[in-house]
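Engineer: Per this note's numbering, the very first residue in the sequence shown carries number 137; after that it's consecutive. All C-beta atoms, glycine included, are put in the ideal place defined by N, C-alpha and C.
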Amino acid sequence: MLDDISREYVLLELLLRSNSVFYSTDAVKLLSDLEEAILSLAGSDQDLDEERQAFVQSKIRFLQNLFAYVMERKISLETATDLANELLSEAESTLASITSKVAVRDYFETKLEEFDLSIAFMNSPEFYSYDSFDIGLADYRSKEANLEDLNEYIQSLRVGEDDETVTISLEDATAEVEETLHDNSIQFATVESLGDSSYRLFEIAGARTGGIAFEANYDRETQILYDVVVGEVRFSTGLSLEMAKQVIEGTVSDAEVVEDEEPATAVEDDETPTESLAISRVEAALAAADLEAGDFEVTLVDLEENLFTLEGSFDKGKLLVSGTYDLDTGLVSEIVLESEGQSYTAEDTSLVDLETVSLKL
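1) Thinking C-alpha only, which one of T481, L463 and L436 is nearest L456?
2) Considering only the alpha carbon of each residue, which of T235, F203, A281 and S176 lies closest to Y264?
3) Could you tell me if N155 is buried or exposed, where buried requires 16 or more neighbouring beta carbons within 10 angstroms of its beta carbon?
4) Following the continuous beta strand (DSSP E) through Q478, name the residue where it begins and the one where it ends.
5) With burial defined as no fewer than 16 other Cβ atoms inside 10 Å of the residue's Cβ, what is the status of L317: buried or exposed?
6) Which word fits Y145, buried or exposed, when buried means at least 16 other C-beta atoms lie within 10 angstroms of its C-beta?
7) Quick check: what's the CA-CA separation for A414 versus D308?
8) Look at the alpha carbon of V388 and the alpha carbon of K454, and state the distance between them as a whole number of angstroms.
9) Relative to the C-alpha of V302, which residue among L253, G331 and L495 is closest?
10) Return the chain-ordered list of same chain residues with a C-beta closer than 6 Å to the C-beta of K279, the five sequence neighbours on each side being excluded.
11) Would S168 count as contacting chain B if we go by Cβ distances under 8 Å?
12) What's the gap between the Cα of L361 and the Cα of L175?
13) Would you call the CB atoms of Q323 and R336 closer than 8 Å?
14) For E404, which residues in the same chain have their Cβ closer than 8 Å to its Cβ, ignoring the five residues on either side in sequence?
15) Could you say which of G477, R197 and D484 lies nearest to S469 if we only look at CA atoms?
16) Determine the burial state of D355: buried for a count of at least 16 other Cβ atoms within 10 Å of its Cβ, exposed for fewer.
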């Protein structure tokens, strides 16, 4: 009986795997039901592990075909993502249940880890800019490594660890950025440094490509565009500069075709790298004023106007202070002080004098 069910499984698996029309969670459930039946009839632990290996290998083949089918637009992204996550979850669960030490375990684990990245690539804005899944995945892996480097750099600025040796002048860095943007079909009004000492980060003012206006910042080191906004679409991840023109043009084309559909690349109101950098500059200003940045909560109010709220304390927490800080002028306004249940206001003052003015009241 086991042999009969196993033959049925092999035939069904080949039929489903070879035709994109069967790539759905409902169709693949047929295989899962057969797998449970086979495992219930298998005798020894060795037999069980051999069947489980075959099931994991089947799901790996399904996933490999799935990514090709979705790139060929034979399967929708939504369907492909649901199915890929289910196949990956089942494969990981089946692999974990193998009790013996099998030679192919390392291969299986490596493939399944790679599929995590493949699913992320499949849902990235660059996905349909490629004709080859493998080439696109390799570029996406490289971009993710660059994004990790960029995020680490921005985080180092935020905590005041920007101690990289400056090897280029602002003038030369600006000229390099302008030339690189031109080479990649990005037009702009100006590029302006965001104030880091290594001159890596720039704002691209008046950015356009293919006649499409967009907003973005740029990392000179990794050649990543980040905080990218095209019309109403705000990208949740950075774009490699060389792919930016295709992705931005594709975004506008998709929006024209399906105006009612919420863009897949829209994101929540998380703190962006630019906002993170702005807050880090305020924290640096606090440190320069001999104030402990950790004693103050900094909240962004208006990025364009460089306005922030500060909430903290003096006198070992006995005196609470809050106010609005203008990064451009260095002044703190709308100051409110609280001590022993009483509230006071203070006149506008510089950040350097904030503690002195507060303790006088």
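Structural biologist: Once the coordinates are examined:
1) By 1-based counting over the sequence shown, the position of residue 456 is 320. Comparing Cα positions, the closest option is T481.
2) Translated into positions along the sequence shown, residue 264 becomes position 128. The candidate whose alpha carbon is nearest that of Y264 is F203.
3) Against the sequence shown, residue 155 aligns to sequence position 19. That one is exposed.
4) As a first step, residue 478 must be located in the sequence shown, where it is residue number 342. Looking at the DSSP string, the run of the beta strand (DSSP E) that includes Q478 is Q478 to A482.
5) Position 181 of the sequence shown, counted from the first residue, corresponds to residue 317. Burial call: buried.
6) Counting from one through the sequence shown, the residue named residue 145 turns up at place 9. Result: buried.
7) For this step, residue 414 is matched to residue 278 along the sequence shown. For this step, residue 308 is matched to residue 172 along the sequence shown. C-alpha separation (whole angstroms): 24 Å.
8) Walking along the sequence shown from the start, residue 388 turns up at place 252. Walking along the sequence shown from the start, residue 454 turns up at place 318. Cα to Cα, the separation comes out at about 55 Å.
9) Start at 1 with the first residue of the sequence shown, and residue 302 comes out as number 166. Per the Cα distances, G331.
10) Along the sequence shown, read from residue 1 onward, the residue named residue 279 stands at position 143. For K279, where only same-chain residues beyond five positions count, the Cβ hits under 6 Å are S376.
11) Reference to chain B is not applicable here, since this structure consists of a single protein chain.
12) Taking the sequence shown and counting its residues from 1, one reaches residue 361 at position 225. Taking the sequence shown and counting its residues from 1, one reaches residue 175 at position 39. Their backbone Cα atoms lie some 50 Å apart in a straight line.
13) The sequence position of residue 323 within the sequence shown is 187, counting from 1. The sequence position of residue 336 within the sequence shown is 200, counting from 1. Not closer than 8 Å, so no.
14) Taking the first residue of the sequence shown as 1, we reach residue 404 at position 268. Note on E404: pLDDT 41, under 50, position unreliable in the model; the coordinate value appears next. There are no such residues.
15) Position 333 of the sequence shown holds residue 469. Of the candidates G477, R197 and D484, the one whose C-alpha sits nearest the C-alpha of S469 is D484.
16) Numbered from its first residue, the sequence shown carries residue 355 at position 219. It is buried - the Cβ of D355 has at least 16 other Cβ atoms within 10 Å.
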